[in-house]
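Data first, discussion second: the structure below is written as C-alpha cells.
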Amino acid sequence: MGIKKFVFFSIHNCDKHPEVPLMEIKYCTEKFIQESGLDHLTIRLCGFMQGLIGQYAVPILEEKSVWGTDAPTRIAYMDTQDVARLTFIALRNENLNGKLLTFAGPRAWTTQESLSSLKMLPILSPEPTYSKTQAYFIVT
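Numbering (full-length UniProt numbering), first residue to last: 1 to 140.
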C-alpha cells in the first residue's frame, strides 16, 4: 500500500527565526520534504489551545508559578480538533499537494491576555501576583 501523502506539521514563521534551534530544524525539514519529490502537505501551526491548560491553568490551580514572557508576541491558538478537521479537508483537496499552509486561530493573544482570559473563569479567579525577572515574568 505505501505512503500516499506525507503531512508535516511545522511552526508558524519558523523561516524567520533561524537562531532558535527548533525553528531552524522545522524549516530545514520543510525544505527537505519539498525537495524530496514526495506527495506532501506542510502545515504551519501557531499554537494549541489545549497547551494553555497545562502551561497556565493547572499551575494556577495548584498555586504554583507560571512562566511566560511580557514580550508583545502574539499566538493565534487553535483547538486540536479544529486542526484535525482542517487537515482532513486539506488532504482531500488534490490542489493543495505540495503546498505550505498556515492554520491560525481567529485571534492572536499575548501571554498577558491569555492569563487575563483565564482569570475570568470562576475557578481561577484569584488575582495572581507578578514578579519580573529580565524579559520573563512569573505568576504566583
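Note that the Cβ used here is the ideal one computed from N, Cα and C, for glycine as well.
Computed from a prediction, not measured in an experiment: that's the story for all the values here.
Nearest-angstrom Cα distance between L86 and I60?
-> As a working mapping, residue 86 is identified with position 86 in the sequence shown. As a working mapping, residue 60 is identified with position 60 in the sequence shown. Computed Cα separation, rounded: 32 angstroms.
For I60, the residue or residues it bridges with in DSSP | Here the question's residue 60 lines up with position 60 in the sequence shown. DSSP lists no partner for I60.
For residue 147, which residues from the same chain have a beta carbon less than 6 angstroms from its beta carbon, with the 5 sequence-adjacent residues on both sides left out?
-> There is simply no residue 147 to check, as the chain begins at 1 and stops at 140 in what is shown.
Do D79 and Q55 have their CB atoms nearer than 9 angstroms?
-> Taking the sequence shown and counting its residues from 1, the one referred to as residue 79 is at position 79. Taking the sequence shown and counting its residues from 1, the one referred to as residue 55 is at position 55. No, the pair does not count as a contact, with Cβ atoms beyond the cut-off.
Coil, strand or helix - K5 by DSSP = Reading the sequence shown from its first residue, position 5 is the one you call residue 5. Three-state DSSP puts K5 in coil, outside helix and strand.
Burial state of R92 (16 or more Cβ within 10 Å) | Reading the sequence shown from its first residue, position 92 is the one you call residue 92. When all chains shown are included, R92 counts as exposed.
Output the distance between the C-alpha atoms of T140 and S36, rounded to the nearest integer angstrom.
-> Within the sequence shown, the letter at position 140 stands for residue 140. Within the sequence shown, the letter at position 36 stands for residue 36. Any reading at T140 needs caution, since the residue's pLDDT is 32, under 50, leaving its predicted position unreliable; the model's value is listed next. Going from the Cα of T140 to the Cα of S36 covers about 48 angstroms.
Leaving out five residues before and five after W109 in sequence, what residues of the same chain have Cβ atoms less than 8 angstroms from its Cβ?
-> The residue labelled residue 109 in the question sits at position 109 within the sequence shown. The answer, listed in chain order, is R74, I75, A76, Y77 and S117.
For P126, does the count of other Cβ atoms within 10 angstroms reach 16, so buried, or fall short, so exposed?
-> Here residue 126 corresponds to residue number 126 of the sequence shown, with the count starting at 1. With a pLDDT of only 49 at P126, under the threshold of 50, the placement of this residue in the model should not be trusted; the figure read from the coordinates follows. Answer is exposed; the Cβ neighbour count stays below 16.
Would a C-beta distance cut-off of 9 angstroms place F88 and L41 closer than the cut-off?
-> For the purposes of this step, residue 88 is taken as the residue at position 88 of the sequence shown. For the purposes of this step, residue 41 is taken as the residue at position 41 of the sequence shown. Not closer than 9 angstroms, so no.
L52 and I3 closer than 9 angstroms at C-beta = One-based indexing of the sequence shown puts residue 52 at position 52. One-based indexing of the sequence shown puts residue 3 at position 3. Against a cut-off of 9 angstroms, the Cβ pair of I3 and L52 comes out as no contact.
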